[in-house]
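Those sequence lines, one after another, are chains A and B. Counting along the first sequence from 1, when you hit position 18 you're at 1363 in the working numbering, and nothing is skipped either side. Counting along the second sequence from 1, when you hit position 183 you're at 1528 in the working numbering, and nothing is skipped either side. For each residue, glycine too, the CB sits at the ideal point set by N, CA and C.
Protein chains: 2
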Amino acid sequence: MKRTAFFISDGTGITAEALGNSLLAQFGSIQFNKVTLPYIDSIDKAAVAVETIDQAGLDDGYRPLVFDTVVDEAIRKVISTSSAYKIDVFSSFLKPLELELGSHSSYSVGKSHSINEVNTYMDRIESVNFAMENDDGGRTQHYDKADIILTGVSRCGKTPSCLYMALQFGIRAANYPLTDDDLNCPTLPEVLQPFQDKLFGLTIDPFQLAAIRHERRANSRYASLDQCEEEVRSVERMFRQQQIPFINTTHFSIEEIATRIIAQKGLQRRIK
Amino acid sequence: MKRTAFFISDGTGITAEALGNSLLAQFGSIQFNKVTLPYIDSIDKAAVAVETIDQAGLDDGYRPLVFDTVVDEAIRKVISTSSAYKIDVFSSFLKPLELELGSHSSYSVGKSHSINEVNTYMDRIESVNFAMENDDGGRTQHYDKADIILTGVSRCGKTPSCLYMALQFGIRAANYPLTDDDLNCPTLPEVLQPFQDKLFGLTIDPFQLAAIRHERRANSRYASLDQCEEEVRSVERMFRQQQIPFINTTHFSIEEIATRIIAQKGLQRRIK
């Protein structure tokens, strides 16, 4: 059984996807073919979308699911003519919210973040620049400006976690890789010592680390299970000795790593 | 009138935030104080959350709003004892979906993306590496492996857009900055010529460009309005002459830039 799920929006489709994915994840036994249709912002585009949806239903032999976050009522009406089973976010929640807030909604699209404002944009850009310039221990002289410094062995997820924190939350995140030399030393690397309170460690299952490193440098010592096991053992010992809080990233997505660090360290987001 | 809105989840809180922000954006006249409470995954944490919510209600003089994507029913029940006005995503949509799909939901948390799988993780990491290594024209020899090459003047949004496409969608995005020299030349820069079909242009309002550049290098020629106007005029002429599709990023968020490029170029996402 294959069913197609459409995430339909007059904006980016990100909200429809997030909501739809959360709900569909509850039905692990069913395979969904997921299709995002963003920027459905006219009656004409909606009519084309309806054709696409109905065709998927014919192909699948099951009616598709539609997760709809279109704001405009006229466009939603067109979407609702499709044969799909429809979860209509605005119909479900907006009227009751209007009552609760004693205010009419403006039915405006794409205001879900106020990221158009120059200030927020700047925060984001600044944070992305910071993450890129302070990636992989490349520079260490700006650690005083960091909100957080991630550390751990090579390929444990530091870089994408930093970039995600920067892009999504405007957090200034640096990262410093711990090498064999660092790990064989009983003290923290000197450049990190003044910033003990900003440090956060990432660790990972050695098997997964070996698999990830293998993609990068196949059959190298660097990617060998022995080496990975040794590094992970050493780095976790260092985290404990130096009282650096850390999480194991093996079963976490980048989103989870980032949000857990933020929650655990109580970091202030510059973008909400 | 100030009202506090809580986004509550047993996972990252990203879905609750996306949904809540979309709905609240419809009420532009009301100031919301937004608070995300992620990882509310036990009865105890839920009880603490309820205290926080109720306190906000007392402080504001209005009952708070709660956008709840907690999967576990027992935890949701605790949340529902708060004084808040509650939008409960799973109660609203999960039962009807169960009926439609003829399947019981597994009530499992944090599966909204299957990004725990090593393959997807690899795609993500590879794409992030690609974006970082091929940022700002630093390297150009791997453009054959790029899904897309963004181009435009300095500070028009190329780097964050590339990183976002990489992190969120697993797209391999390079970017190449067009300098004065490039813009004074009647042909495309040589390194870009073989990749005409991968090029996508970004342009921006000169005033906003000047403001952004001013943050970087205050009072420089680089940040002057004259210089910005001249560059933007030249780059848009080049995009038209060379038939490079482009968008104006002035009023778009990074999410919008990325998703519009993907839609317009029909790029295939490696992460869904």
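Same chain, Cβ closer than 8 Å to residue i, neighbours up to 5 away in sequence not counted
{"i": "Ile1616 of chain A", "result": "His1458, Ile1460, Thr1465, Asp1468, Arg1469, Gln1513, Phe1514 and Gly1515"}
{"i": "Leu1554 of chain A", "result": "Val1498, Arg1500, Cys1501, Cys1573, Glu1576 and Val1577"}
{"i": "Leu1442 of chain B", "result": "Ser1450"}
{"i": "Arg1614 of chain A", "result": "Phe1514, Gly1515, Ile1516 and Ile1607"}
{"i": "Ala1568 of chain B", "result": "Ala1555, Arg1558, His1559, Arg1561 and Arg1562"}
Residue i versus residue j - alpha carbon distance
{"i": "Asp1489 of chain B", "j": "Glu1581 of chain A", "result": "40 Å"}
{"i": "Ala1370 of chain A", "j": "Thr1524 of chain B", "result": "47 Å"}
{"i": "Thr1594 of chain B", "j": "Arg1605 of chain A", "result": "32 Å"}
{"i": "Gly1447 of chain B", "j": "Gly1365 of chain A", "result": "17 Å"}
{"i": "Lys1456 of chain A", "j": "Lys1543 of chain A", "result": "Because Lys1456 of chain A carries a pLDDT of 49, less than 50, the predicted location of this residue cannot be relied on, and the following value inherits that uncertainty. One C-alpha to the other measures close to 33 Å."}
{"i": "Tyr1430 of chain B", "j": "Arg1348 of chain B", "result": "11 Å"}
{"i": "Ile1592 of chain B", "j": "Glu1576 of chain A", "result": "46 Å"}
{"i": "Leu1382 of chain A", "j": "Phe1377 of chain B", "result": "29 Å"}
{"i": "Val1498 of chain B", "j": "Cys1530 of chain B", "result": "14 Å"}
{"i": "Asp1550 of chain B", "j": "Asp1480 of chain A", "result": "31 Å"}
{"i": "Ser1472 of chain A", "j": "Arg1484 of chain A", "result": "15 Å"}
{"i": "Arg1561 of chain B", "j": "Asp1413 of chain A", "result": "40 Å"}
{"i": "Ser1598 of chain B", "j": "Asp1571 of chain A", "result": "45 Å"}
{"i": "Thr1532 of chain B", "j": "Ala1603 of chain A", "result": "43 Å"}
{"i": "Gln1587 of chain A", "j": "Asp1526 of chain A", "result": "16 Å"}
{"i": "Gln1538 of chain B", "j": "Asn1474 of chain B", "result": "24 Å"}
{"i": "Pro1534 of chain B", "j": "Asp1492 of chain A", "result": "39 Å"}
{"i": "Val1380 of chain B", "j": "Phe1351 of chain B", "result": "5 Å"}
{"i": "Glu1601 of chain A", "j": "Thr1357 of chain B", "result": "6 Å"}
{"i": "Asp1417 of chain B", "j": "Ser1387 of chain B", "result": "9 Å"}
{"i": "Thr1397 of chain B", "j": "Ile1420 of chain B", "result": "15 Å"}
{"i": "Ile1432 of chain B", "j": "Lys1440 of chain A", "result": "12 Å"}
{"i": "Gly1611 of chain B", "j": "Phe1540 of chain A", "result": "45 Å"}
Integer Cβ distance of residue i from residue j, believed to fall under 8 Å
{"i": "Ile1385 of chain A", "j": "Ser1354 of chain A", "result": "7 Å"}
{"i": "Ser1450 of chain B", "j": "Phe1372 of chain A", "result": "6 Å"}
{"i": "Thr1360 of chain A", "j": "Ser1367 of chain B", "result": "5 Å"}
Residue i, DSSP secondary structure in three states
{"i": "Ile1460 of chain B", "result": "Only weak support exists for where Ile1460 of chain B lies, its pLDDT of 39 falling under 50; the coordinates are left without a value."}
{"i": "Lys1379 of chain B", "result": "strand"}
{"i": "Lys1543 of chain B", "result": "helix"}
{"i": "Lys1617 of chain A", "result": "coil"}
{"i": "Ile1516 of chain B", "result": "coil"}
{"i": "Val1411 of chain B", "result": "strand"}
{"i": "Phe1438 of chain B", "result": "helix"}
{"i": "Asn1366 of chain A", "result": "helix"}
{"i": "Ala1563 of chain A", "result": "coil"}
{"i": "Asn1474 of chain B", "result": "helix"}
{"i": "Ala1350 of chain B", "result": "strand"}
{"i": "Pro1590 of chain A", "result": "coil"}
{"i": "Ile1549 of chain B", "result": "coil"}
{"i": "Pro1522 of chain A", "result": "strand"}
{"i": "Asp1481 of chain B", "result": "helix"}
{"i": "Gly1402 of chain A", "result": "helix"}
{"i": "Thr1397 of chain B", "result": "helix"}
Nonlocal neighbours in the same chain, by C-beta distance under 7 Å from residue i, ignoring five residues either side
{"i": "Leu1495 of chain A", "result": "Lys1503, Ser1506, Cys1507, Ala1518, Asn1520, Phe1545 and Leu1547"}
{"i": "Ser1579 of chain A", "result": "Leu1528"}
{"i": "Val1423 of chain B", "result": "Ile1388, Ala1391, Ala1392 and Val1395"}
{"i": "Gln1609 of chain B", "result": "Pro1590"}
*Would you check if the segment 1390-1406 of chain B and the segment 1407-1425 of chain A touch, i.e. whether three or more CB-CB distances between them fall below 8 Å?*
Judged by pairs of C-beta atoms under 8 Å, the segment 1407-1425 of chain A does not touch the segment 1390-1406 of chain B, as fewer than three such pairs exist.
*Interface residues of the segment 1465-1479 of chain B facing chain C [CB-CB below 7 Å]*: Looking for chain C here will not work: the only protein chains present are A and B.
_Three or more C-beta pairs below 8 Å linking the segment 1381-1397 of chain B and the segment 1388-1401 of chain A_ = Segments in contact, no.
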